[in-house]
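*Asks:*
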Amino acid sequence: MRFNKIYGATRRLIGLSALPLCFHMWSSSAMSADLGADRSFSSSDNVRLHYRDAGSGRAIILIPGWTMPAWIFEHQVCALSRDFRVIAFDPRSQGNSQIAASGHHPKRRAKDIAELIEAIGESSVVLVGWSLGVLDALTYIQQHGDTRVAALVLIDNSIGEEPPPDSKFDFVGALKKDRNGTTRSFVRAMYKRPQTDRYYKRLADASLKTPLAAAIDLLSYPYPRTYWREAIYSTTRPILYAVTPAWAEQGKNLARKHPSAQVEVFQQAGHALFVDEADRFNRLLDDFLLKAGIKAK
-9 MRFNKIYGAT RRLIGLSALP LCFHMWSSSA MSADLGADRS FSSSDNVRLH YRDAGSGRAI
51 ILIPGWTMPA WIFEHQVCAL SRDFRVIAFD PRSQGNSQIA ASGHHPKRRA KDIAELIEAI
111 GESSVVLVGW SLGVLDALTY IQQHGDTRVA ALVLIDNSIG EEPPPDSKFD FVGALKKDRN
171 GTTRSFVRAM YKRPQTDRYY KRLADASLKT PLAAAIDLLS YPYPRTYWRE AIYSTTRPIL
231 YAVTPAWAEQ GKNLARKHPS AQVEVFQQAG HALFVDEADR FNRLLDDFLL KAGIKAK
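Per my numbering, the very first residue in the sequence shown carries number -9; after that it's consecutive.
Laid out in structure tokens, this is it:
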């Protein structure tokens, strides 16, 4: 036990000490080979899907949220790829993946994840989903089971637990009325710690690459809330649920009912908590994987 604690602390120290340099290289136009390679594969319905492949060891797949690009996980790719193989995925019609004519629904996106796992040649992966990526990951579990999933990390979205989300804002209506303005406001609202104007613009521009019809389809969930709840309780795999206060009560219920769940509330972070508090999130994920017996290389 003492060895595990020292080992984990050493990994964190080594990984996080180089984070600023790694972040700079990822953000620059000249991408460092140390940060992996851009790869792609063709889905079974002939859509080219892009992912960033960095590091080696046990595989961690990072699934971004609604219309977001894979590079939003740049802090995680930089820090975690020192000890793991990190796959930052661009879902269809997002980031550097092909704009698809169809398939913007949970079942197809879950199949894309299944085909990604096949494409990278891994028998078992850690699935990390943020926002809409939470629902993608849970749909994957519901549709394909957990045989090839070593652990689940779910970031800041409902898991179908009680209480249900309380939202009276017509986001879809706002998108139809003013896609550009609504998207740019949405991007800024994801953070509590200010980012640069250049960062906000880069992220909003990436979001706007997804066609409006596809963006709206992604928000039109065809399943009841119970679907996600059934998915999360169908697996006994270790689960990390990292959330802002909006989902804290759902987290309490999950921790009470699921024997393998760990819940962490980020009180001072925005929706993109893994950016607002990147160091804390990376340490949390590192410790979670260590406790789950998912060892670094």
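By construction, the Cβ of each residue, glycine as well, lies at the ideal position given by its N, Cα and C atoms.
In its own chain, which residues sit with a C-beta less than 8 Å from the C-beta of isoleucine 229, not counting the 5 before and 5 after it?
*Replies:* Mapped onto the sequence shown, residue 229 falls at position 239. Excluding residues within five positions, the ones whose Cβ falls inside 8 Å are Ala141, Leu142, Val143, Leu144, Ile222, Leu244, His248, Ser250, Ala251 and Gln252.
*Asks:* CB-CB under 6 Å to isoleucine 131, same chain, minus the five flanking residues each way: which ones, in chain order?
*Replies:* What you label residue 131 is simply residue 141 of the sequence shown in a count that begins at 1. Around isoleucine 131: Ala221 and Thr225.
*Asks:* Which same chain residues, not among the five before or five after glycine 241, have their C-beta less than 7 Å away from its C-beta?
*Replies:* Numbered from 1 along the sequence shown, position 251 holds the residue referred to as residue 241. Excluding sequence neighbours, glycine 241 sits near Tyr231, Val233, Val253 and Val255.
*Asks:* What's the call for serine 18, buried or exposed, on a 16-neighbour Cβ count within 10 Å?
*Replies:* In the sequence shown, the residue the question calls residue 18 occupies position 28. Below a pLDDT of 50, predicted positions are generally treated as unreliable, and serine 18, at 43, falls in that range; no measurement from the model is reported.
*Asks:* Quick check on isoleucine 222: does DSSP put it in helix, strand or coil?
*Replies:* Here residue 222 refers to the residue found at position 232 when the sequence shown is read from its first residue. In the structure shown, isoleucine 222 sits in a helix (DSSP, three-state: H, G or I).
*Asks:* Taking C-alpha atoms, which residue in Val265, Gly45, Gln257 and Ser33 lies nearest to leucine 25?
*Replies:* Stepping through the sequence shown from its first residue, residue 25 is reached at position 35. That would be Gly45, whose Cα lies nearest to the Cα of leucine 25.
*Asks:* Is it right to say isoleucine 89 is buried, meaning 16 or more other beta carbons lie within 10 angstroms of its own, or is it exposed?
*Replies:* Sequence index remark: in the sequence shown, residue 89 carries index 99 (1-based). With fewer than 16 Cβ atoms within 10 Å of its Cβ, isoleucine 89 is classed as exposed.
*Asks:* Taking the C-alpha atoms as reference points, what is the distance between valine 67 and tryptophan 218?
*Replies:* On the sequence shown, residue 67 is found 77 positions in, with the first residue counted as 1. On the sequence shown, residue 218 is found 228 positions in, with the first residue counted as 1. C-alpha separation (whole angstroms): 27 Å.
*Asks:* Between leucine 198 and threonine 216, is the Cβ-Cβ spacing less than 9 Å?
*Replies:* Taking the first residue of the sequence shown as position 1, residue 198 is located at position 208. Taking the first residue of the sequence shown as position 1, residue 216 is located at position 226. No; because the gap between Cβ atoms is not below 9 Å, this pair is not in contact.
*Asks:* Measuring alpha carbon to alpha carbon, tell me which residue in Ser33, Asp136 and His40 is nearest isoleucine 77.
*Replies:* Sequence index remark: in the sequence shown, residue 77 carries index 87 (1-based). Closest option to isoleucine 77, Cα to Cα, is His40.
*Asks:* Leucine 263: which of Arg99, Met180, Leu193 and Arg82 sits nearest, CA to CA?
*Replies:* Mapped onto the sequence shown, residue 263 falls at position 273. Ranking the options by Cα distance to leucine 263, first place goes to Met180.
*Asks:* To the nearest angstrom, how far is it from the Cα of alanine 236 to the Cα of glutamine 257?
*Replies:* By one-based count along the sequence shown, residue 236 stands at place 246. By one-based count along the sequence shown, residue 257 stands at place 267. Distance between the alpha carbons of alanine 236 and glutamine 257: 10 Å.
*Asks:* Identify which residue in Pro184, Ala205, Asp136 and Gln133 has its Cα closest to the Cα of alanine 164.
*Replies:* Counted from its first residue, the sequence shown places residue 164 at position 174. Comparing Cα-Cα distances from alanine 164 to each of Pro184, Ala205, Asp136 and Gln133, the minimum goes to Ala205.
*Asks:* With burial defined as no fewer than 16 other Cβ atoms inside 10 Å of the residue's Cβ, what is the status of histidine 14: buried or exposed?
*Replies:* Numbered from 1 along the sequence shown, position 24 holds the residue referred to as residue 14. Only weak support is given to the placement of histidine 14: the predicted model assigns it a pLDDT of 46, under 50, and the value that follows is read from those uncertain coordinates. The residue in question, histidine 14, is exposed, as its Cβ has fewer than 16 Cβ neighbours within 10 Å.
*Asks:* Which one or two residues does DSSP pair with alanine 78 in a beta bridge?
*Replies:* Indexing the sequence shown from 1 puts residue 78 at position 88. DSSP, once it has assigned bridges, lists Arg42 and Leu52 as partnering alanine 78.
*Asks:* With burial defined as no fewer than 16 other Cβ atoms inside 10 Å of the residue's Cβ, what is the status of threonine 200: buried or exposed?
*Replies:* Counted from its first residue, the sequence shown places residue 200 at position 210. By the neighbour-count rule (16 or more Cβ atoms within 10 Å), threonine 200 is buried.
*Asks:* What is the DSSP secondary structure of aspartate 28, reduced to helix, strand or coil?
*Replies:* To locate residue 28, count along the sequence shown from 1; it is residue 38. It is a strand residue.
*Asks:* Under 9 Å, do glutamine 54 and asparagine 86 count as touching if we go by C-beta distance?
*Replies:* Sequence index remark: in the sequence shown, residue 54 carries index 64 (1-based). Sequence index remark: in the sequence shown, residue 86 carries index 96 (1-based). Checking the displayed sequence, the identity of residue 54 turns out to be proline instead of glutamine. Not a contact, by the Cβ cut-off of 9 Å.
*Asks:* The alpha helix (DSSP H) spanning glutamine 66 covers which residue range?
*Replies:* The residue you call residue 66 lines up with position 76 of the sequence shown. 64 to 70 is the extent of the alpha helix (DSSP H) around glutamine 66.
*Asks:* Compute the Euclidean distance between the alpha carbons of serine 157 and tyrosine 213, then round it to the nearest angstrom.
*Replies:* As a working note, residue 157 is residue 167 in the sequence shown. As a working note, residue 213 is residue 223 in the sequence shown. Computed Cα separation, rounded: 18 Å.
*Asks:* Contact between the region 182 to 195 and the region 268 to 277: three or more CB pairs below 8 Å?
*Replies:* Segments in contact, no.
*Asks:* Please name the residue in Ser34, Lys191, Arg227 and Ala127 whose C-alpha comes closest to that of lysine 281.
*Replies:* Taking the sequence shown and counting its residues from 1, the one referred to as residue 281 is at position 291. Nearest of Ser34, Lys191, Arg227 and Ala127 to lysine 281, Cα basis: Arg227.
*Asks:* Give the range of the beta strand (DSSP E) segment to which glutamine 252 is assigned.
*Replies:* Taking the first residue of the sequence shown as position 1, residue 252 is located at position 262. Its beta strand (DSSP E) spans residues 251 to 255.
*Asks:* Could you give the C-beta distance for leucine 122 and phenylalanine 79, rounded to a whole number, given that I count them as a contact under 8 Å?
*Replies:* Counted from its first residue, the sequence shown places residue 122 at position 132. Counted from its first residue, the sequence shown places residue 79 at position 89. The Cβ separation is near 12 Å, so there is no contact.
*Asks:* Can you check the region 118 to 195 for any beta strand (DSSP E) of at least 3 residues that lies completely inside it and give the ranges in chain order?
*Replies:* You should have 139 to 145.
*Asks:* Leaving out the 5 sequence neighbours to the left and right, which residues in its chain are closer than 6 Å to alanine 196 when beta-carbon positions are compared?
*Replies:* Stepping through the sequence shown from its first residue, residue 196 is reached at position 206. Only Pro59 meet the Cβ criterion.
*Asks:* So, helix, strand or coil for tyrosine 211, using DSSP?
*Replies:* For this step, residue 211 is matched to residue 221 along the sequence shown. DSSP places tyrosine 211 in coil when its eight states are reduced to three.
*Asks:* Is the CB-CB distance between leucine 52 and aspartate 276 below 9 Å?
*Replies:* Counted from its first residue, the sequence shown places residue 52 at position 62. Counted from its first residue, the sequence shown places residue 276 at position 286. Not closer than 9 Å, so no.
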